[in-house]
Amino acid sequence: MASPAGKDAEHPGASWIDEHSVRRLCIAVIAATQDRMIREGRLAPDTHIHVAMIRAAGEPDAIRIDEPDLGLDSLARIDLVSDLTGFFDLSATGAEDYLLIERTLGAWVRRIAWHLDHMGGDAAIGFSTSGSTGKPRIILRGRAELDHEIRAIVSGVLPNRPERVLSLVSPRHLYGFLWGILLPRALGVECLELDAASPTGIARKARPGDLIVATPFQWDRCSALGLLPGKICGVSSGGATTEETWSVAGALRLEWFLEIYGSTETGGVGVRRSDQEPFLLFPNLARIGDGVSRRGSTSEIALPDRIEWQDATRFRLGGRKDGVVQVAATNVDPQEVAARIAALPGVSDAAVRLGGERLKAFVVPMPGRDLTELDAGIRRAMTALPPPARPDRITFGVSIPRTAMGKLSDW
Numbered sequence: 001m002a003s004p005a006g007k008d009a010e011h012p013g014a015s016w017i018d019e020h021s022v023r024r025l026c027i028a029v030i031a032a033t034q035d036r037m038i039r040e041g042r043l044a045p046d047t048h049i050h051v052a053m054i055r056a057a058g059e060p061d062a063i064r065i066d067e068p069d070l071g072l073d074s075l076a077r078i079d080l081v082s083d084l085t086g087f088f089d090l091s092a093t094g095a096e097d098y099l100l101i102e103r104t105l106g107a108w109v110r111r112i113a114w115h116l117d118h119m120g121g122d123a124a125i126g127f128s129t130s131g132s133t134g135k136p137r138i139i140l141r142g143r144a145e146l147d148h149e150i151r152a153i154v155s156g157v158l159p160n161r162p163e164r165v166l167s168l169v170s171p172r173h174l175y176g177f178l179w180g181i182l183l184p185r186a187l188g189v190e191c192l193e194l195d196a197a198s199p200t201g202i203a204r205k206a207r208p209g210d211l212i213v214a215t216p217f218q219w220d221r222c223s224a225l226g227l228l229p230g231k232i233c234g235v236s237s238g239g240a241t242t243e244e245t246w247s248v249a250g251a252l253r254l255e256w257f258l259e260i261y262g263s264t265e266t267g268g269v270g271v272r273r274s275d276q277e278p279f280l281l282f283p284n285l286a287r288i289g290d291g292v293s294r295r296g297s298t299s300e301i302a303l304p305d306r307i308e309w310q311d312a313t314r315f316r317l318g319g320r321k322d323g324v325v326q327v328a329a330t331n332v333d334p335q336e337v338a339a340r341i342a343a344l345p346g347v348s349d350a351a352v353r354l355g356g357e358r359l360k361a362f363v364v365p366m367p368g369r370d371l372t373e374l375d376a377g378i379r380r381a382m383t384a385l386p387p388p389a390r391p392d393r394i395t396f397g398v399s400i401p402r403t404a405m406g407k408l409s410d411w
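Per full-length UniProt numbering, the very first residue in the sequence shown carries number 1; after that it's consecutive.
Encoded structure:
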């Protein structure tokens, strides 16, 4: 199973992603698959090992990919193999066939590590878009592209080198992968996975020199941390950084705090250190007309937001091009959620919009319906969606609130 000579000529030396990181990624994909199956009613919440228990296991490689350990029967195991195949692009070597035969986490880690070594500079990772109401798409990012972005982060984005990385973001997301897998490896520093940690747990782990990687939703919940040890830094991405997020960062007295603008489809595009500043274009990108391209390319990157250029390298955001909003770093289409509610029994019409950090719904019931029962029925139906797509407030009324121009108004 040795890699063919010359396959990795552009990336000599150690493996791109070592077995420890492959294990972290496998566990993250297993957790996501389990969560999806629970949401779909295909897996009981109490019949599988939680991801935190897998991480804490003294010998996680001995965990079996089966029903007794992970709650996955033969059909569910095929779904998991499919998810891993999409994430690691295993079909390029046919390594996914072996995952159907091998049954331990350790065997899977070694098989996937071999696949990545075999692919060398042609390796790729497939990141799922964060949409929660539609079918997610897989965005395949090649190793060369990912490495180029990491070099840009190290040379032109980070103000200084952290001593450790504390990542609150799952590495199966592009943001978590870049900042929690590739960046620590490029810098030669340790990464602690704290995506399941409480704010007090984060405070206990943090020490001077750490870089905390989190989403705006996670940062907003760090207000209970109080003052952290000196010389701790932070980075926020995966959603729009709010006024509260900047306030929390200031209250924590971080040495520096970065907001990264980008998406799964685009990668990192811009960075800023204050909400009063425009974004500075990533050094691996260039302005092309009113858009952005990768340096050396004339192909424009499709950005989800309108860009208002200040000069050749600085810009501000002019709002989304579509109606998508972000809840807990997840893209949600309020119109799709409203359509699902409107299709439920007893509902005549519905509207959904962002209300603070969560969605809220306005529902017009059919005549004669008991509102308590209808409220309960809507909430039961919404459990089929991921939590960010579920409205946490439901208001009932005789008609959808609209302005004199017929546009949806707040309630």
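The beta carbon of each residue, even a glycine, is placed where N, CA and C say it ideally should be.
Keep in mind the model is a prediction, meaning the values are calculated, not measured.
Extent of the continuous alpha helix (DSSP H) to which ARG185 belongs: 183–187
field: Between the CA atoms of GLN276 and LEU116 - distance to the nearest angstrom
entry: 42 angstroms
- prompt: Are there 16 or more other CB atoms within 10 angstroms of the CB of ALA113, so buried, or fewer, so exposed?
  reply: buried
message: Pull the bridge partners of THR85 from the DSSP assignment, please.
response: DSSP, once it has assigned bridges, lists no residue as partnering THR85.
field: Within the stretch 189–225, ranges of the alpha helix (DSSP H) (whole runs, at least 4 residues)
entry: 199–205 and 216–220
Presumed contact (8 angstroms Cβ cut-off) between LEU174 and THR33, rounded CB distance: Rounded, the Cβ-Cβ distance is 18 angstroms, inconsistent with contact.
message: Distance check for ARG295 and THR313, CA to CA, integer angstroms please.
response: 13 angstroms
DSSP-derived helix/strand/coil call for GLU102: coil
- prompt: Comparing alpha-carbon positions, which option in PRO162, ALA124, ARG253 and LEU354 lies nearest TRP16?
  reply: ALA124
- prompt: According to the Cβ coordinates, are PRO334 and ARG353 closer than 8 angstroms?
  reply: yes
field: Presumed contact (8 angstroms Cβ cut-off) between ASP220 and THR245, rounded CB distance
entry: 6 angstroms
message: Which of the three DSSP states is assigned to GLY121 in this structure?
response: helix
field: Close Cβ partners of ASP392 (< 8 angstroms) along its chain, the five nearest in sequence each way excluded
entry: ARG358, LEU359 and LYS360
query: Mind checking whether CYS26 and LEU100 have CB atoms under 8 angstroms apart?
result: no
- request: Return the chain-ordered list of same chain residues with a C-beta closer than 8 angstroms to the C-beta of ARG185, the five sequence neighbours on each side being excluded.
  value: ILE17, ASP18 and SER21
message: Using a 10 Å radius around the Cβ and a threshold of 16 neighbouring Cβ atoms, would you call SER399 buried or exposed?
response: exposed
query: Should the stretch 159–174 be called in touch with the stretch 256–272, which here means at least 3 C-beta pairs below 8 angstroms?
result: yes
query: Can the beta-carbon of THR266 be found less than 8 angstroms from the beta-carbon of SER237?
result: no
query: Who are the near neighbours of SER155 in its chain, counting only those whose CB is closer than 7 angstroms to its CB and skipping five residues on each side?
result: PRO283
- prompt: When DSSP labels each residue in this structure, what does SER300 get in the three-state scheme?
  reply: In the sequence on display, residue 300 carries Glu and not Ser. GLU300: strand per DSSP, three-state reduction.
message: Taking the beta strand (DSSP E) that THR330 belongs to, which residues open and close that run?
response: 330–332
Inter-residue spacing [alpha-carbon to alpha-carbon] between ILE232 and GLY180: 16 angstroms
query: Between LEU166 and GLU190, what straight-line distance do the alpha-carbon atoms span, to the nearest angstrom?
result: 9 angstroms
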